[in-house]
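Residue 1 is where the sequence shown starts when you use UniProt numbering, and the numbers rise one by one after that. So the structure is just underneath, and the comments pick up after that.
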Amino acid sequence: MKKWSPTERIGVAAAQLVCVQELEWIFREMSVSDVGIDAQIEQVTSGGATGKIIGVQIKTGASYLKETGKGLVYYGSEADLDYWAEYSLPVIMIFHNPEKKVTLWVNIDESSITRTLEAWHIVIPEDNTFDRRCKGELEQIFRAGSNHLPLRRSYRVAQVSSDEEDLLFHVGEIARNLMLDSWDRWIEGACCTHIVVLPEAFVEGLKEVRFNAMKLIVPPEFKRTECAIINLIERASDLIDEFRPRAEYIQIQKSYQGVHFYARYENPNYARDRAEHEAWSLECVGLVYELAKAANLFADLVREELDRGFLRRRGRFLVSDDFQHGCVAPQYLEGQKSRILQERGGTIVGAR
1 MKKWSPTERI GVAAAQLVCV QELEWIFREM SVSDVGIDAQ IEQVTSGGAT
51 GKIIGVQIKT GASYLKETGK GLVYYGSEAD LDYWAEYSLP VIMIFHNPEK
101 KVTLWVNIDE SSITRTLEAW HIVIPEDNTF DRRCKGELEQ IFRAGSNHLP
151 LRRSYRVAQV SSDEEDLLFH VGEIARNLML DSWDRWIEGA CCTHIVVLPE
201 AFVEGLKEVR FNAMKLIVPP EFKRTECAII NLIERASDLI DEFRPRAEYI
251 QIQKSYQGVH FYARYENPNY ARDRAEHEAW SLECVGLVYE LAKAANLFAD
301 LVREELDRGF LRRRGRFLVS DDFQHGCVAP QYLEGQKSRI LQERGGTIVG
351 AR
């Protein structure tokens, strides 16, 4: 039986409720919504429809927005942007988070988006709530109508953002794929010497990072950030390379766990094999500490050279095998940091 998810319907319903109840405008859901527009909003004044209309795309769920130092960021597709560029009406996006019961919105025009070589993104301020308080701004969009600042089609050949913005997009993807933005939710299991646990998303994310790193061209002025990226990838690779031979996949938990293979059968070498396993566990935890050092250095360099707010909200990357009894934020010594950032001869392509 095909599963039905109410998630998208919840977002549409939330947007419609605000539109009708708080803004007192007409909300029309589109019958075919997979082409980039989910609904239209028509302005009403003095009880009468004005014929002034805005196109709306609605996204439901927290996963669509990424937290950054600049605010919540949405990364969009080329297809949607090209469609909106040809659309005859102004376009806004509405984001509904069912868990927090928060609905945000943002105007889509050339001044609000940031283009990169292969994609685009837009920042949504967290106080940009879709409710009666946004009525004045929406009325301005209605008044502008077809004279709103239009989107340019074929943005791959249009003027793109600076090298700094493009690189920041890529380091954000690295942080997401290596689960740096959700570090505290999984790192305690990774530091457990009894049973080391790594999320499947981290293991698979490293594969994505390795592949994308081979394509990444870093401008010379960001050489130190490039070195920090290489170091982060290498430390994550060291951990996975050591961990995988003694781990098995646990489907229900979507994770890999170090397994006590020595205790699964009548083992004449039980004591020896147990000692080897315990030594392996300690080695893995030591590599987690090295990964934390690399993550802290990576975040520091991105804040220094690209974005002062990068992952600042989450703070330092901590490690501990028991968060109830304190934890530490591993850092490189100055000499170690200098060697990583200044004496490396490799490039991103050389990352394993």
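The beta carbon of each residue, even a glycine, is placed where N, CA and C say it ideally should be. A quick note: this is a predicted structure, and the numbers were derived from the prediction, not measured.
Beta-carbon proximity list for residue i, same chain, < 6 Å, skipping 5 on both sides
i: Tyr-249; result: Tyr-256
i: Lys-98; result: Note that residue 98 corresponds to Pro in the displayed sequence, not to Lys. Cβ neighbours of Pro-98 beyond the five flanking positions: Ile-10.
i: Cys-19; result: Trp-25, Phe-27 and Ile-41
i: Ser-77; result: none
i: Glu-290; result: Arg-235
i: Asn-147; result: At Asn-147 the pLDDT is 48, less than 50, meaning the model places this residue with poor confidence; the figure from the coordinates comes in the next sentence. Contacts found: none.
i: Ala-228; result: Leu-297, Phe-298 and Leu-301
i: Thr-103; result: Ala-14, His-96 and Phe-130
i: Val-73; result: Lys-66, His-121 and Val-123
i: Phe-144; result: At residue 144 the sequence reads Ala, which differs from the Phe that was named. The answer is none, since no qualifying residue turns up.
Environment of residue i [buried if 16+ CB atoms lie within 10 Å]
i: Gly-51; result: exposed
i: Ile-340; result: buried
i: Gly-136; result: exposed
i: Lys-337; result: buried
i: Tyr-270; result: exposed
i: Gly-172; result: buried
i: Ala-295; result: buried
i: Leu-333; result: exposed
i: His-170; result: buried
i: Arg-156; result: Low confidence applies here, because Arg-156 scores a pLDDT of 39, under 50, leaving its location unreliable; read the following figure in that light. With fewer than 16 Cβ atoms within 10 Å of its Cβ, Arg-156 is classed as exposed.
i: Val-209; result: buried
i: Pro-330; result: buried
i: Ile-252; result: exposed
Residue i vs residue j beta-carbon contact at 8 Å
i: Val-56; j: Ile-94; result: yes
i: His-96; j: Ala-39; result: no
i: Ala-175; j: Leu-311; result: yes
i: Glu-226; j: Asp-131; result: no
i: Pro-219; j: Lys-254; result: no
i: Leu-178; j: Leu-206; result: yes
i: Gly-258; j: Ala-247; result: yes
i: Ile-122; j: Ile-113; result: yes
i: Glu-126; j: Gly-69; result: no
i: Phe-298; j: Trp-183; result: no
i: Ser-281; j: Val-196; result: yes
i: Ser-320; j: Cys-191; result: yes
Contacts around residue i, its chain only, beta-carbon distance under 8 Å, and the 5 residues preceding and following it disregarded
i: Asp-80; result: Gly-36 and Gln-57
i: Leu-168; result: Val-302, Leu-306, Asp-307 and Phe-310
i: Asp-181; result: Lys-66, Glu-67, Ala-175, Leu-311 and Arg-314
i: Ala-139; result: Rather than Ala, the amino acid found at residue 139 in this sequence is Glu. Contacts found: Gln-43.
i: Ala-49; result: Ile-26, Glu-42 and Gln-43
i: Glu-278; result: Thr-193
i: Glu-29; result: Val-12, Gln-16, Asp-38 and Ala-39
DSSP three-state assignment for residue i, whether helix, strand or coil
i: Arg-185; result: helix
i: Lys-293; result: helix
i: Thr-193; result: coil
i: Trp-25; result: coil
i: Tyr-155; result: Bear in mind that the predicted position of Tyr-155 carries a pLDDT of just 37, short of 50, making it unreliable; the figure below should be weighed with that in mind. Of the three classes helix, strand and coil, the one that applies to Tyr-155 here is coil, per DSSP.
i: Phe-211; result: helix
i: Ser-255; result: strand
i: Phe-130; result: coil
i: Arg-143; result: helix
i: Pro-125; result: coil
i: Glu-99; result: coil
i: Glu-110; result: coil
i: Leu-17; result: helix
i: Arg-308; result: coil
i: Leu-198; result: strand
i: Tyr-87; result: coil
i: Ala-39; result: strand
i: Gly-172; result: helix
i: Ala-329; result: coil
i: Lys-70; result: coil
i: Leu-178; result: coil
Residue i versus the options, residue with shortest Cα-Cα distance
i: Leu-17; options: Asn-107, Lys-101, Glu-86 and Tyr-87; result: Lys-101
i: Ser-63; options: Ser-46, Ser-237 and Thr-7; result: Thr-7
i: Ala-292; options: Asp-238, Arg-246, Ile-195 and Ala-271; result: Asp-238
i: Cys-284; options: Leu-318, Ile-252, Ile-240 and Glu-266; result: Ile-240
i: Glu-304; options: Arg-224, Cys-191 and Cys-192; result: Arg-224
i: Phe-142; options: Ile-92, Leu-104 and Gln-331; result: Ile-92
i: Arg-244; options: Gly-48, Glu-204, Asn-212 and Trp-120; result: Glu-204
i: Asn-212; options: Ile-230, Tyr-83 and Pro-330; result: Ile-230
i: Arg-133; options: Trp-105, Gly-145, Ala-144 and Arg-272; result: Trp-105
i: Glu-164; options: Glu-266, Glu-188, Asp-82 and Phe-222; result: Phe-222
Same chain, Cβ closer than 7 Å to residue i, neighbours up to 5 away in sequence not counted
i: Leu-89; result: Ile-53, Ile-54 and Gly-55
i: Thr-60; result: Thr-7, Glu-8, Ile-10, Gly-11, His-96 and Pro-98
i: Cys-327; result: Leu-318, Val-319 and Ser-320
i: Asn-128; result: Leu-104, Trp-105 and Val-106
Check: residue i C-beta below 7 Å from any heavy atom of the ligand NAP
i: Leu-318; result: Summarising the ligand content, the structure contains no ligands, and the ligand NAP is consequently not present.
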